[in-house]
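Q: These protein sequences, in sequence, are chains H and R.
Okay, so the first sequence: first residue is 1 according to my numbering, each after it adds one.
Okay, so the second sequence: first residue is 1 according to my numbering, each after it adds one.
Here a beta-carbon is modelled for each residue, glycine too, at the ideal position from N, C-alpha and C.
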Amino acid sequence: MCESCGCAGVSHESHVHGESSRHSVAVFSDILRRNNDQAAHNREHFTEHGVLALNLMSSPGSGKTSLLEATIDALGDVFRIGVIEGDLATENDARRIRAKGVPAVQITTGQACHLDAEMVHEALHHLELESLDLLFIENVGNLVCPASFDLGQHANVALLSVTEGDDKPAKYPVLFRAADLILLSKSDLLEVLDDFNPALAEQHVRALANPAKILQVSARRPETLTPWLQWLRTMWDTRYGDARKAAGTTAAVSAAAE
Amino acid sequence: MHELALCQELIAEVARIAAAHDAVGASRILVTLGPLSGVEAPLLERAFLVARAGTIAEAATLEIEQQPLSVRCTVCGAKSEVTPTNLLCRTCGAWKVEILEGDALLLKSVELLVETAAEGKPADPNTNAETTSAQLSNGLGESHV
Numbered sequence: 001m002c003e004s005c006g007c008a009g010v011s012h013e014s015h016v017h018g019e020s021s022r023h024s025v026a027v028f029s030d031i032l033r034r035n036n037d038q039a040a041h042n043r044e045h046f047t048e049h050g051v052l053a054l055n056l057m058s059s060p061g062s063g064k065t066s067l068l069e070a071t072i073d074a075l076g077d078v079f080r081i082g083v084i085e086g087d088l089a090t091e092n093d094a095r096r097i098r099a100k101g102v103p104a105v106q107i108t109t110g111q112a113c114h115l116d117a118e119m120v121h122e123a124l125h126h127l128e129l130e131s132l133d134l135l136f137i138e139n140v141g142n143l144v145c146p147a148s149f150d151l152g153q154h155a156n157v158a159l160l161s162v163t164e165g166d167d168k169p170a171k172y173p174v175l176f177r178a179a180d181l182i183l184l185s186k187s188d189l190l191e192v193l194d195d196f197n198p199a200l201a202e203q204h205v206r207a208l209a210n211p212a213k214i215l216q217v218s219a220r221r222p223e224t225l226t227p228w229l230q231w232l233r234t235m236w237d238t239r240y241g242d243a244r245k246a247a248g249t250t251a252a253v254s255a256a257a258e
Numbered sequence: 001m002h003e004l005a006l007c008q009e010l011i012a013e014v015a016r017i018a019a020a021h022d023a024v025g026a027s028r029i030l031v032t033l034g035p036l037s038g039v040e041a042p043l044l045e046r047a048f049l050v051a052r053a054g055t056i057a058e059a060a061t062l063e064i065e066q067q068p069l070s071v072r073c074t075v076c077g078a079k080s081e082v083t084p085t086n087l088l089c090r091t092c093g094a095w096k097v098e099i100l101e102g103d104a105l106l107l108k109s110v111e112l113l114v115e116t117a118a119e120g121k122p123a124d125p126n127t128n129a130e131t132t133s134a135q136l137s138n139g140l141g142e143s144h145v
């Protein structure tokens, strides 16, 4: 400590005196505090409106949008679904979702490799949360950066397509450790691929100390989606089922979930 | 490459703390990174040089403290030092473990340049060095600013 001014500087010569002095301040706050605060705010919004928000993360081309299309086909009459699409450029994915009669907001991030809580908050201004039950946030296709940014979702869903390699969880541990559910997508291709072993993929996920369920799905084979659709229903029901029933607005949601 | 976005968040946080202490600049920023944070120290260092330009941290140095990665097994209770892609208990091999440390992405402390009002007296009693070192040794997790 500098004895001349009481500041935390080690030597008196190392800093300017008379004009300014150095003071060390202990902080201990998350570097992403601002994003995390915004995410907590988003989550409150979702919860207040009875919306289950899910963050879909994967590499580009693993079939996130196709899975959403198939999910809308299967559950569109049961849940009121909304989608936020994140891409560097184009409205293509939002257009595909809108063609299913579901509201979709496209966030184009420019060169940014991930969505953050602020971008999602802005997108929420273009969605009517009161008329939604389920909100899918399709993150930018990227297995690295999206894992670091909380968006306010209630759960993370990671897709790993079987064309990618069963060791992806070991190569991208941060993202796969954060996943609450892992979908092995394009599973219809397993029969023609001899280099993807679902048991090995699971072993890599467990090595990350992640207990998440791992399901095989194919958007081209709707019958494979049943466990995924059941997971969605259970997630929604666990969170909001009782409140919805108590309010007497049973509508399609609770009826279909039973 | 989200390290630049992270640096911008980091500098926004430093700016907020500097404003709360009427500081004219920041001279040293200390962060703690865990292997599970998803952030690479060399990339963060390079991004910092870009992000600090024209901000209150323009002349600041960034110091990065690496956090070890350790888990406690919920099956056998043993503690293990592990690696990011293999968090399994080193004693019994179970995957049901809890992270003890290794996922930090923390702004630990900031050294601020404060214009001295009266010689030899810190502008804010909360920012003097004794308080700081006491809090550091206590390892308090809360911000006091």
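#1: Using a Cβ-based criterion (distance less than 7 Å to any ligand heavy atom), does R177 (chain H) qualify as near the ligand NAD?
#2: Based on Cα-Cα distance, which residue from H:A219, H:D87, H:T238, H:W228 lies nearest to G63 (chain H)?
#3: Over what stretch of residues does the alpha helix (DSSP H) that includes N36 (chain H) continue unbroken?
#4: With H, G and I counted as helix, E and B as strand and the rest as coil, what does DSSP make of H23 (chain H)?
#5: Determine whether the Cβ of K108 (chain R) lies closer than 8 Å to any Cβ atom of chain H.
#6: Does any CB atom of chain R fall closer than 8 Å to the CB of R31 (chain H)?
#7: Just to confirm before moving on: does the CB-CB distance between E3 (chain R) and V39 (chain R) stay below 8 Å?
#8: Alpha carbon to alpha carbon, what distance is there between E13 (chain R) and L68 (chain H)?
#9: Report all residues from its chain with a CB closer than 6 Å to the CB of R221 (chain H); omit the five preceding and five following residues, and keep chain order.
#10: Using a Cβ-Cβ distance cut-off of 8 Å, determine whether A112 (chain H) contacts chain R.
#11: For the candidate residues H:S20, H:L160, H:L56, H:N35, whose alpha-carbon lies nearest to that of L232 (chain H)?
#12: For chain H, is any of its Cβ atoms less than 8 Å away from the one on V39 (chain R)?
#13: What residues from chain H crowd round V97 (chain R), counting only those whose CB sits closer than 9 Å?
#14: Which residues in chain R sit within 8 Å of P173 (chain H), going by Cβ to Cβ distance?
#15: List, in chain order, every chain B residue whose beta-carbon is nearer than 7 Å to that of E63 (chain R).
#16: Indicate whether at least one CB of chain R lies closer than 8 Å to the CB of N262 (chain H).
#17: My output table needs one value for V259 (chain H): the three-state DSSP class, helix, strand or coil.
#18: Closest to P49 (chain R) by C-alpha separation, out of R:L112, R:G102, R:L6, R:A19, would be which residue?
#19: Could you work out which residue in H:Q153, H:S21, H:V27 is closest to G151 (chain R) when comparing CA atoms only?
A: Looking at the coordinates:
#1: Within the structure as shown, the ligand NAD is missing, as the structure has no ligands at all.
#2: To locate residue 63 (chain H), count along the first sequence from 1; it is residue 63. When C-alpha distances from G63 (chain H) are compared across H:A219, H:D87, H:T238, H:W228, the shortest belongs to H:A219.
#3: The count along the first sequence starts at 1 and reaches residue 36 (chain H) at position 36. Per DSSP, the unbroken alpha helix (DSSP H) holding N36 (chain H) starts and ends at 33-48.
#4: The sequence position of residue 23 (chain H) within the first sequence is 23, counting from 1. Three-state result, H23 (chain H): strand.
#5: Mapped onto the second sequence, residue 108 (chain R) falls at position 108. At least one chain H Cβ lies under 8 Å of K108 (chain R).
#6: Walking along the first sequence from the start, residue 31 (chain H) turns up at place 31. What sits at residue 31 (chain H) in the sequence shown is Ile, not Arg. By this cut-off, I31 (chain H) is an interface position.
#7: Stepping through the second sequence from its first residue, residue 3 (chain R) is reached at position 3. Stepping through the second sequence from its first residue, residue 39 (chain R) is reached at position 39. Result yes, Cβ atoms of E3 (chain R) and V39 (chain R) sit closer than 8 Å.
#8: Within the first sequence, the letter at position 68 stands for residue 68 (chain H). Within the second sequence, the letter at position 13 stands for residue 13 (chain R). C-alpha separation (whole angstroms): 37 Å.
#9: As a working mapping, residue 221 (chain H) is identified with position 221 in the first sequence. Contacts found: D188.
#10: Working through the first sequence from its first residue, we reach residue 112 (chain H) at position 112. Interface annotation, A112 (chain H): in contact with chain R, CB-CB separation under 8 Å.
#11: By 1-based counting over the first sequence, the position of residue 232 (chain H) is 232. Distance check between L232 (chain H) and each of H:S20, H:L160, H:L56, H:N35 places H:L56 closest, using alpha-carbon atoms only.
#12: Counted from its first residue, the second sequence places residue 39 (chain R) at position 39. Taking Cβ atoms only, chain H reaches closer than 8 Å to V39 (chain R), which makes this a yes.
#13: For the purposes of this step, residue 97 (chain R) is taken as residue 97 along the second sequence, with counting starting at 1. Near V97 (chain R) (Cβ distances below 9 Å), the residues of chain H are A209.
#14: Taking the first residue of the first sequence as 1, we reach residue 173 (chain H) at position 173. Chain-ordered, the chain R residues with CB closer than 8 Å to the CB of P173 (chain H) read L36, P84, T85.
#15: No chain B appears in this structure, whose protein chains are H and R.
#16: Outside the shown range of chain H (1 to 258) lies residue 262 (chain H), about which nothing can therefore be said.
#17: No answer is possible for residue 259 (chain H): it lies beyond the span of chain H, which begins at 1 and ends at 258.
#18: On the second sequence, position 49 is the one that residue 49 (chain R) refers to. According to the sequence as given, residue 49 (chain R) is Leu; it is not Pro. Answer by Cα proximity: R:L6.
#19: The structure shown does not extend to residue 151 (chain R), since chain R is modelled only from 1 through 145, so no value can be given for it.
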